[in-house]
Every structure is written in C-alpha cells, then in structure tokens.
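The block underneath contains the structure these notes are about, expressed in structure tokens.
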Amino acid sequence: MKYHKHASDAVFWYLNELGSRVVANTGIPSDRHHIGKLILQSLKDAPDFIMQVDGGTGKFDTFQDALEKSVACANAFRAIGLKADDVIVLMAPNHNDLAMPAYAALYLGIIVAGVDMSLGIKELEDTFTTTSPKVIICESEKAGDVAEALSNIKIMKYHKHASDAIFWYLNELGSRVVANTGIPSDRHHMGKLILQSLKDAPDFILQVDGGTGQFDTFQDALEKSVACAKAFRAIGLKAGDIIVLMAPNHNDLAISAYAALYLGIIVSGVDMTLGIKELEDTFKSTSPKVVFCESKKAGDVAEALTNIKLNARIVTLNNAGRNDSFSEFITKYGNNSPAEEFKIMSSTFPTPVTSCLVTSPVQWLSAIFTLILSPILRFTRIQSSLPVTREHAYFLINKYKPTYAIFSPPMATTLTKPEECDKCDFSCFKVLLLGGSAVSQTLLENVKKIATEAEVYVAYGFSEIGSFAFNFVSSAPGSVGSPLAYLQHRLINPDTQEDILEPNKTGELWVKGPVTFKGYYNNPVATAEAFLEDGWIKSGDLFYRDENFNYFFVYFH
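UniProt numbering applies: residue 1 is where the sequence shown begins, and numbers increase by one.
In structure tokens, the structure reads:
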C-alpha cells in the first residue's frame, strides 16, 4: 500500500507564532506580514546558528554576524537618504554579503531587484531605466559597465510603485475597532473607523477654513461630532434616516456628516444653488429629517419643504435667524456628557500626505473622498466657506501650503492661466489628481509645469463605486491607469452588449467590486438601468485599453 504523504502545517504555525511575537513587540497588527521585521526577529532568536557559508572561501556568517552587518547596512541606507519604495539592485555571485543589503532593504521597505550580472551595457541601460535604482551592489570587475550604463541613460526616470501602506493601516485600524466592539463587520463601518481615528490623535489639525482662519483639531471634531450624534438621537433620528448637507465647506459641515456615519444615517450632499422647484424634487426623493444649509438659503428650503408637505428640521451653518444654528442645535440636544475616552498613538503616523486643498462641493465624490479619509489617514483638509475663486484658491495655497489636491479640469484650467499663475507658489504640492471630466494632455502638461514638485496623475472614478476605478500610479502616457486588483472591469460593445476582448477597441466600461452603491435612493428605474442583477455597474463612459491593459478615456456620458 503506497504511503500517502501529508503536507504539514508546522511552518505556518511557526510563522504565526513568530508574527505574534513581532506584533507583541511593535503593537502593529500588520507587522505579522512584514518580512523585514520577521527576519530581524529571527536573527535575534538564534545568534549562534550558522546562517550561510561561502563554499568558495570557507567563510561563514552566524545569525549574530548577519544581524550586526545587516543593521549596519540599514543604517547606511538611511544615512544616504534611502527610504521606503526606493530601489536597490543586486547583481553579483552569491557572496555572503549579498544577503546583508537585501535584509537591510527589507527592514526599511526598500525594493530589492535581482539583476543578471552577465548583462551587457545596453541591457543594463534598459534595466536601470525601468528600475531607477538608488544603489547598485556588484563586483568590482562589473563596476565599469554599470557606471557606463548609468552615464549613458543620464536621467533615470523614477518609476513610482503603488504602495500598500494605506491598506495595511486600514487593516490595522479595523482590527482595533473590532477588538473594541466584538463585531467583525465593524472593520467596514466607516463611522466607527472615523470615530476611532479621531480618538487616536487628538491634537492633529483636521481642517482649516481659509475664509475665516478657524480650524478644528481631531479632539474638536470628536467632541462636536459626538454631541451632534447625541442630538440626532435626541430628536429621534435612526439608522436609514437621511440628512441633507447643502452649504459651502464650513468646518461644521464635516461634523454633521461624521455624526450621521456613526449612527448609520444616510448623508445626501445637495447642490446649494438649486432653486425651490429643484429642491422640492430632491426632497421628495430623499425625504430628509434634517437639512443643513446657510441661513440665506433657509427660506427656500422651508418653502420647498412646505410645498411638498414634508416636516424636516432646518439647521443653519452660520447665523441662526429663525432656525437653530449648528452650535445651538448641538447645545440644545447634544447634552454635556464628555466624548468617550481616547488614546494617543505615540508612533509617527505614516500619512500619505499632510494636508489637502478641498475645492469641490460636498455633493462631489472628490469632496466626500477627502472628508471621509482625512481623519482615518490623518491629513488636514484646507477648505473654505467662501467661494473658491482663482484669487481665493491662490490665497489658500500660498498661506496653508497644502500637499495634495484633486482638481476638476475647469479648476485646473483656471489655476494654470498663464498671466495669473505666477501669483501662486504651487511647489507645496506633492500629489495632484485631475479628474471629473476629460483631461487634455495640454492641461496635464500645464499643471506639471507650475507644480514642479508634484506627482500629477489623471484619475478616474465614480460615486457608484465610491472611489477610483484604476491604479493611476505609473500609468502609461495618456492613460487613466490599469485595473485595480479588487475590482473587475469589462468593456462592452454598446450596440451588441457583448464583451470586447481585444485591445484598442472602444466600449462602455462596466465595473464590479466588493464596495459599490446599493442603488439610487428612491429611484428604482435609474438603478435598474445602471446596476445589473449580478453586481456589474454600467459607468456610461467609453474607454479602450491597450495590450498591457492600460485604459484610455474616450467619452464621458
């Protein structure tokens, strides 16, 4: 009878144990997946164990030798300015020391590229053009070829790699929320994620109103949003009810949104320029229980509500007039009990950007995107309750020096007007996204000319999927990016409704993913037109893709 060999899970159990010890030391749950930290802990665990032997020389290294040399190498990488996502190249035989820079790089999140040491100069040029290494480790006899290849390509284009750091952090944040509540699905509860994030860094500045100079820290937002949530409960709001936000970007606008998200209340961003008839149609569909607006709009809101016989509370975000102001609303109904205890994270937070300029109105995806992510990813929103004209935008940028923004093409065109843009210093920006409608190559180049320190990308997304549809980092010229891994993408022939499987043919983009909208509220006809029963969402926009699955926009519906 033939012996059946069973696979053993011993390695997986050990890795689980090792990862648990690493997490116990660092306090970061995602460190159980951090290869560098797992290696570092392993080297410490058995200092006398022989790690490697060079059979050509007879030299060997123990774990202790490797620990000391790899840590020294990591310190050297830091000293010369290397950071996470930089690239080093290893192209040499299996010297004992070859492993040391690899470990050092993994400690620091540096990318390691193993390159064939037999490559010629032309092949090295192609390789270095792609990888843009900061350090190349090779044998001395190959150093001349390496130097010549580097010299020949002169300017090496840096290939920006998409980072998973945000996803790892969100995983860690969600794990802490679930640990507190005991409800596994809470890792997807936007309100609880925001609430925990506000508690984590009370002194961080969440938002600045450039029109008034007023700002809110996380602690301010925590206290006001908790008071607002209590006020919502006191007047009888519950999960599934709706509030409407229709005002400029006042600081208190975000507070009411956060409070609603804590309680499962639906937030509807409505264009504040709508007339009475349009408001009637909007309120008929949404049936809001509370409408937040400016006092000058309160009369139109009240008339629209009266005309459709809908009883809703009006709260104004500036002078109260006949209605409660926001501060009066939370004082009257929010009671004076303190917000829940919060803890302070002592480590340096790995925020992708430090501050964001918000120019979009609240009903736009780009505004919602920054509103939700700013407390979670800990960046300060720079916004204004005044109209964001070109002059005011220049004022906000020059004074507050935001590092990130999402601009619509019309706004980008306004800001880059040749005879005006010298009034503004755009060098503060590190990342700029352009999207919302078609972005011409000319506009893209104009933005790059004035924002010389920024990575500028064309981004595409839509509200129905809640975010971007493509990975725009390192996308091909003219492309909106390649498919994001968590989404499924199809191009459909609008006439035949058949899939387009070959490149360079135009079709309507359909997207399917784990986090998409539930439908257009109270509009089953529109929902049925856009949302198919098997989960696919029709974007209505036309694209084509190339052979490498870079997608190119053709037409917005």
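Positions of the beta carbon are idealized from the N, C-alpha and C atoms, including for glycine. Just so you know, these numbers come straight off a predicted model, no measurement behind them.
Residues near residue i in its chain [Cβ-Cβ closer than 8 angstroms; skip 5 each side]
{"i": "R21", "result": "Q41"}
{"i": "I308", "result": "E280, F283, K284"}
{"i": "E172", "result": "I28, P29, S30"}
{"i": "N548", "result": "A476, S482"}
{"i": "L170", "result": "L193, I376"}
{"i": "L69", "result": "At residue 69 the sequence reads Lys, which differs from the Leu that was named. Correct list, in chain order: D61, D97, M100."}
{"i": "N94", "result": "D54"}
{"i": "A239", "result": "L263, G264, I265"}
{"i": "K297", "result": "M246, A247, M272"}
{"i": "L444", "result": "L434, V456, V458"}
{"i": "C421", "result": "L415, I450"}
{"i": "L373", "result": "F379"}
Residue i to residue j span [Cα, whole Å]
{"i": "G19", "j": "G481", "result": "35 angstroms"}
{"i": "T26", "j": "F517", "result": "37 angstroms"}
{"i": "H33", "j": "Y103", "result": "15 angstroms"}
{"i": "G193", "j": "M246", "result": "For clarity, residue 193 is Leu in the given sequence; the question names Gly instead. About 24 angstroms."}
{"i": "V226", "j": "R233", "result": "11 angstroms"}
{"i": "L198", "j": "K224", "result": "11 angstroms"}
{"i": "F342", "j": "L222", "result": "For F342, the predicted structure reports a pLDDT of 30, less than 50, and the residue's modelled location is therefore unreliable. The matter cannot be settled from this model."}
{"i": "C73", "j": "P375", "result": "36 angstroms"}
{"i": "C138", "j": "L90", "result": "6 angstroms"}
{"i": "I465", "j": "F49", "result": "52 angstroms"}
{"i": "D220", "j": "P202", "result": "8 angstroms"}
{"i": "I397", "j": "N446", "result": "17 angstroms"}
{"i": "A92", "j": "R187", "result": "45 angstroms"}
{"i": "I368", "j": "H250", "result": "14 angstroms"}
{"i": "K277", "j": "I314", "result": "18 angstroms"}
{"i": "W510", "j": "C293", "result": "36 angstroms"}
{"i": "F167", "j": "R378", "result": "14 angstroms"}
Contact check, residue i vs residue j, beta carbons under 9 angstroms
{"i": "S287", "j": "N522", "result": "yes"}
{"i": "F429", "j": "Y404", "result": "yes"}
{"i": "residue 568", "j": "P503", "result": "Since the first residue shown for the chain is 1 and the last is 557, residue 568 is missing from the structure and cannot be characterised."}
{"i": "Q64", "j": "L38", "result": "no"}
{"i": "R381", "j": "A254", "result": "yes"}
{"i": "N319", "j": "S295", "result": "yes"}
{"i": "K512", "j": "L487", "result": "yes"}
{"i": "V115", "j": "T129", "result": "no"}
{"i": "K122", "j": "G81", "result": "no"}
Own chain partners of residue i with C-beta closer than 6 angstroms, once the 5 adjacent residues on each side are dropped
{"i": "E455", "result": "V431"}
{"i": "L434", "result": "F407, A412, V458"}
{"i": "A105", "result": "I88, V112"}
{"i": "S366", "result": "S360, I406"}
{"i": "F468", "result": "A459, G461"}
{"i": "residue 576", "result": "A query on residue 576 cannot be resolved here, the shown segment of the chain reaching from 1 to 557 and no further."}
Other residues of its chain near residue i: CB distance less than 7 angstroms, five sequence neighbours each side excluded
{"i": "A257", "result": "L245, V267, L371"}
{"i": "F470", "result": "Y460, V480, G481, S482, P483, L484, Y551"}
{"i": "A229", "result": "A259, Y262, L263"}
{"i": "A147", "result": "none"}
{"i": "G478", "result": "Q441, F552"}
{"i": "G519", "result": "T527, F531"}
{"i": "A393", "result": "T359, L415"}
{"i": "N493", "result": "I500, G507"}
{"i": "A231", "result": "F329, I330, Y333, G334"}
{"i": "G211", "result": "S384, S385, L386"}
{"i": "S427", "result": "T452, E453"}
{"i": "S437", "result": "S408, P409, F556"}
Buried or exposed by the 16-neighbour rule on C-beta atoms within 10 Å, applied to residue i
{"i": "Q196", "result": "buried"}
{"i": "V177", "result": "buried"}
{"i": "P47", "result": "exposed"}
{"i": "S355", "result": "buried"}
{"i": "I265", "result": "buried"}
{"i": "V208", "result": "buried"}
{"i": "T306", "result": "exposed"}
{"i": "G213", "result": "exposed"}
{"i": "Q383", "result": "buried"}
{"i": "E141", "result": "exposed"}
{"i": "V290", "result": "buried"}
{"i": "T316", "result": "buried"}
{"i": "A76", "result": "exposed"}
{"i": "T416", "result": "buried"}
{"i": "F326", "result": "buried"}
{"i": "D164", "result": "exposed"}
{"i": "Y107", "result": "buried"}
{"i": "I155", "result": "For I155, the predicted structure reports a pLDDT of 41, less than 50, and the residue's modelled location is therefore unreliable. A value from the coordinates is still provided. With fewer than 16 Cβ atoms within 10 Å of its Cβ, I155 is classed as exposed."}
Identity of the residues DSSP links to residue i by a beta bridge
{"i": "I492", "result": "D499, E508"}
{"i": "G481", "result": "Y551"}
{"i": "C293", "result": "M246, T316"}
{"i": "S325", "result": "T316"}
Beta carbon proximity, residue i to chain C, threshold 9 angstroms
{"i": "Q219", "result": "Of the protein chains in this structure there is only one, and it is not chain C."}
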